[in-house]
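Asks: Residue numbers (my numbering): 1 to 287.
Even glycine gets a Cβ: it sits at the ideal position worked out from N, Cα and C.
Remember, it's a predicted structure, so these values are computed and weren't measured experimentally.
(1) I need the DSSP call for residue 31, collapsed to helix, strand or coil.
(2) Examine chain C for any beta-carbon lying closer than 9 Å to the beta-carbon of residue 118, and answer yes or no.
(3) Contact between the region 111–128 and the region 235–251 is defined here as three or more beta-carbon pairs at a separation below 8 Å; is this criterion met?
(4) Skipping 5 residues on each side, what residues in its chain have a beta carbon closer than 6 Å to that of residue 24?
(5) At which residue ranges does the region 116–161 contain complete alpha helix (DSSP H) runs of 4 or more residues, listed in the order of the chain?
(6) What distance in whole Å lies between the Cβ atoms of residue 144 and residue 88, which are believed to be in contact at a cut-off of 8 Å?
(7) Sorted by chain position, which residues of the same chain lie with C-beta nearer than 8 Å to residue 254's C-beta, five sequence neighbours on each side aside?
(8) Determine the burial state of residue 86: buried for a count of at least 16 other Cβ atoms within 10 Å of its Cβ, exposed for fewer.
(9) In whole angstroms, what is the alpha-carbon distance linking residue 92 and residue 192?
(10) Would the region 262–279 and the region 173–182 be scored as touching if the rule is three or more Cβ pairs under 8 Å?
(11) With distance defined between alpha-carbon atoms, name the residue in 40, 273, 45 nearest to residue 183.
(12) Comparing alpha-carbon positions, which option in 264, 234, 122 lies nearest residue 94?
(13) Touch check for the region 28–48 and the region 121–139: three-plus C-beta pairs under 8 Å?
(14) Going by the beta-carbon positions, is the gap between residue 105 and residue 186 smaller than 9 Å?
(15) Given this structure, state the Cα-to-Cα distance separating residue 206 from residue 67, to the nearest angstrom.
(16) What residue ranges within the region 165–209 form continuous beta strand (DSSP E) runs of no fewer than 3 residues, ordered along the chain?
(17) Which of helix, strand or coil does DSSP assign to residue 78?
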């Protein structure tokens with residue numbers, strides 16, 4: 001019997017270059033990604049009484065608090081729309097981005113036991129985390145749409161119907177931006193554990209620098225045109241503004257700032273993946 005050449009399905013070899021990223025491997029391991037998504041979502045609500053209802057309760061309570069404090073007491077909602085949908089539209093949007101960032105920032109540390117024993121493309125972990133958070137966002141978005149339809153029927157606002165088609169782009173951008181910043185932090189925390197302590201605090205500060213609790217028109221009016229332009233360079237500001245403009249018809253949609261936001265997102269994601277791929281080679285020695 002003649003020896004036949006073996007056809008190997010997977011070839012594991014060391015990475016040498018900065019751009020040596022196995023993108024094709026991610027597609028081959030798509031089943032593993034879905035298994036991690038199932039595991040993450042199950043463990044997130046395991047041994048809880050309310051289960052996935054917490055995905056609704058948390059943003060709803062946050063929205064109520066924002067409505068009372070920032071909307072009624074501080075009067076930061078000057079758009080004329082109901083406080084509930086005004087703040088909920090921003091809260092669920094920000095919650096998805098921030099949860100992607102915070103969850104992926106612990107990729108190396110929380111999964112070091114698995115990564116040290118089994119081979120698979122390491123980007124599988126943060127990608128599965130982003131997809132897991134997408135399930136929670138979908139639940140929250142459906143909950144938001146219930147209130148949105150209720151106030152829409154009452155004529156409380158007029159949506160910008162055409163801009164609602166940007167919703168998939170908004171979701172994809174938030175996922176990419178959260179993934180980019182998350183993998184950057186995860187790569188750095190393998191050596192500098194202090195960053196893990198600062199992530200949650202930094203995200204909270206970032207939220208107040210984003211028009212979640214207020215309208216961006218108020219900030220731009222107070223800061224002036226120059227600093228107002230700097231404020232709009234926050235990549236999440238055009239995202240929140242586009243969401244509100246599309247579904248509530250308040251504020252404005254600025255194409256230039258939205259494209260700048262996308263450019264920042266792509267740069268952050270590209271840099272994050274490059275840094276992640278470099279650190280993954282030696283992280284077991286430092287984690």
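Replies: In short, the structure shows the following:
(1) helix
(2) Among the chains in the structure shown there is no chain C, since it carries only a single protein chain.
(3) no
(4) none
(5) 124–153
(6) 5 Å
(7) The answer, listed in chain order, is 232, 238, 241.
(8) buried
(9) 31 Å
(10) yes
(11) 273
(12) 234
(13) Three or more beta-carbon pairs separated by less than 8 Å link the region 28–48 to the region 121–139, which places the two stretches in contact.
(14) yes
(15) For the pair residue 206 and residue 67, the Cα-to-Cα distance works out to about 20 Å.
(16) none
(17) In the structure shown, residue 78 sits in coil (DSSP, three-state: anything other than H, G, I, E or B).
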